[in-house]
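>
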Amino acid sequence: MKNYFYLGKKEPEYRQLLSQSCIRIEDKVIPLSRVVSAEQVHGSHIHICTKDDSGAGFGDKAKIAAADGLITQVPHQYLMIRTADCAPVLMMDKRHRAVAAVHSGREGTRQNIVRKAIDMLQQHFGILPQDLCVWVGACICAEHYQVSPELYEEFITSMQEQGLHPKLNKDNQLDIRLAVFQQLLSAGVAFRDIDQDMNCTHEDHGYHSFRRDGGNLRQINLVGIEHE
Ligand SMILES: [Zn+2]
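Add 1393 to a position in the sequence shown, counting from 1, and you land on the number used in my numbering.
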């Protein structure tokens, strides 16, 4: 067994896929009937997928309702998270028992959705935090993510309640990437097993950015377990 993962850039774009039957990434072809996508609502609910969830969100099949995290142990089922400034977080067990895909934006990060995914991997599949490799994709940087004083306070307070040390600044800028990194470490994932893409989606025009462009274009991010 091996893990497959993909952290997206502008192409292939999510909405273009809806009229197609597969995703083409370089020389890899993934049928959409094997992909699972969820209705992302900036919450912290995580859905554990079954074989029957394959294809959710494509063709006539509804998305998984209201979930910002997906977990599977089904080989050749690919979990999709869509992002445009929020952080995509892909978790892989080194022994290939299960994988997780998480959408961690401001609200998901505030609610520590990555911790929830790590706890569920342990409870349901016996996967310890130190068994994980985690990839965090490009997201908006603090400099480009200024929010209202109210949202800033709420976020910082939640981080402190989690025992974390958010980077404080007087301009109400939120550092999602740093927060997710601290949450992963705090949950027990080893420093060497966390890989972060340091690109800012707002600065780098190779990515879709909701703050920069508005609209509904999204990066796709995928993770799955495959046979050798
Ligand atoms: Zn930036």
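The beta-carbon is built from N, C-alpha and C at its ideal position, and this holds for glycine as well.
Using 8 Å for Cβ pairs, my map puts Leu1472 next to Leu1577. What's the rounded Cβ distance?
Leu1472 to Leu1577, Cβ: 18 Å. No contact.
> Within this structure, are the beta carbons of Ala1494 and Val1529 separated by less than 7 Å?
Not a contact, by the Cβ cut-off of 7 Å.
> Run through the region 1395-1462 for me and flag every whole beta strand (DSSP E) of 3 or more residues, listed as ranges in chain order.
If we require 3 residues or more, the beta strand (DSSP E) runs fully inside the region 1395-1462 come out as 1395-1400, 1415-1418, 1421-1424, 1428-1430 and 1439-1441.
> Taking C-alpha atoms, which residue in Gln1589, Lys1421, Phe1584 and Arg1570 lies nearest to Gly1501?
Closest option to Gly1501, Cα to Cα, is Arg1570.
> Hey, Ile1533 and Asp1461: beta-carbon distance below 7 Å or not?
No, Cβ-Cβ distance for Ile1533 and Asp1461 is not below 7 Å.
> Just to confirm, are Gly1401 and Gln1612 a CB contact at a threshold of 7 Å?
Going by C-beta atoms, Gly1401 is nearer than 7 Å to Gln1612.
> Considering only residues of the region 1497-1534, which uninterrupted beta strand (DSSP E) runs meet the minimum length of 3 residues and lie entirely inside it, listed in chain order?
As far as the region 1497-1534 is concerned, its whole beta strand (DSSP E) runs of at least 3 residues are 1525-1529.
> Looking at Asp1478 and Ile1520, is the spacing between their C-beta atoms short of 7 Å?
Cβ atoms of Ile1520 and Asp1478: not closer than 7 Å.
> Using the beta-carbon of each residue, find all residues closer than 7 Å to any heavy atom of ligand 1 and list them in chain order.
Selection output, chain order preserved: Ile1533, Cys1534, Glu1536, His1537, Cys1593, His1595 and Glu1596.
> In angstroms, rounded to a whole number, what distance separates the CA positions of Met1513 and Val1467?
So the alpha carbons of these two residues sit roughly 16 Å apart.
> Could you check how far apart the C-beta atoms of Asn1609 and Arg1408 are, in whole angstroms? I think they sit under 8 Å.
Rounded, the Cβ-Cβ distance is 7 Å, consistent with contact.
> How about Gln1566 and Tyr1600: do their beta carbons lie closer than 7 Å?
Not a contact, by the Cβ cut-off of 7 Å.
> Inspect the beta-carbon positions of Ala1370 and Asp1568 and report whether they are closer than 7 Å.
Any property of residue 1370 remains undetermined from this structure, which presents the chain solely from 1394 to 1621.
> What separation, rounded to the nearest whole angstrom, lies between the Cα atoms of Gln1470 and Phe1398?
Distance between the alpha carbons of Gln1470 and Phe1398 is about 12 Å.
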